[in-house]
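Data first, discussion second: the structure below is written as structure tokens.
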Amino acid sequence: MRKLILHLKGEYFDEIKAGRKPKEYRLVTPYWEKRLVGSSYDCIELARGYPKRGDTENRLTLPWKGFQRETIIHRHFGPHRVEVFAINVAVEPKDRNPGAAGPLHNEG
């Protein structure tokens with residue numbers, strides 16, 4: 001099973017887990033292009049920081065729903081517009097079971 005693992009700041013992890021943050025942003029860089037463009041994953045694992053193995057409270061596994069490129073202004077990236085990969089991390093009731101659904105959109 002191909003799994004994309006993203007380590008998040010606590011505030012962003014909590015917002016996603018609560019269903020209030022549907023996208024996680026990563027700057028368009030060669031590092032993220034290599035991992036996302038043309039790739040497909042079975043699921044995405046979100047981690048609050050770097051939790052210990054077996055710490056399920058600080059990990060969230062969701063089905064891979066793809067990403068899209070966007071240009072945004074976000075306090076985390078500074079005051080200027082930046083191009084990002086907007087990774088779909090919307091939490092839906094069916095997402096409690098990572099095998100419940102396949103990708104909705106996979107740009108590549």
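In full-length UniProt numbering, the protein residues as written are 1 to 108. All residues carry an ideal CB built from backbone N, CA and C; glycine is no exception. In this text, all values refer to a predicted model and were calculated from it rather than measured experimentally.
>> Using C-beta distances below 8 Å, list every residue in its chain close to W32, excluding the 5 sequence neighbours before and after it, in chain order.
In response: Your numbering for residue 32 matches position 32 in the sequence shown. Answer for W32: R26, F85, listed in chain order.
> What is the rounded straight-line gap between the Cα of R48 and the Cα of H7?
Replying inline: Taking the sequence shown and counting its residues from 1, the one referred to as residue 48 is at position 48. Taking the sequence shown and counting its residues from 1, the one referred to as residue 7 is at position 7. Their backbone Cα atoms lie some 6 Å apart in a straight line.
> So, V91 versus K17, is the Cβ gap smaller than 8 Å?
Replying inline: Taking the first residue of the sequence shown as 1, we reach residue 91 at position 91. Taking the first residue of the sequence shown as 1, we reach residue 17 at position 17. Cβ distance < 8 Å, so V91 and K17 count as in contact.
> Is it right to say E11 is buried, meaning 16 or more other beta carbons lie within 10 angstroms of its own, or is it exposed?
Replying inline: Within the sequence shown, numbered from 1, the residue matching residue 11 stands at position 11. Looking at its Cβ environment, which holds fewer than 16 other Cβ atoms inside 10 Å, E11 is exposed.
>> The alpha helix (DSSP H) that contains G10, what's its start and end?
In response: As a first step, residue 10 must be located in the sequence shown, where it is residue number 10. Per DSSP, G10 belongs to the alpha helix (DSSP H) from 10-17.
> From this set, K23, I44, K52, E83, which residue's C-alpha is nearest E70's C-alpha?
Replying inline: Locating residue 70 in the sequence shown gives position 70, counting from the first residue. Comparing Cα positions, the closest option is E83.
> Taking the C-alpha atoms as reference points, what is the distance between V28 and V37?
Replying inline: Numbered from its first residue, the sequence shown carries residue 28 at position 28. Numbered from its first residue, the sequence shown carries residue 37 at position 37. Answer to the nearest angstrom: the Cα atoms are 10 Å apart.
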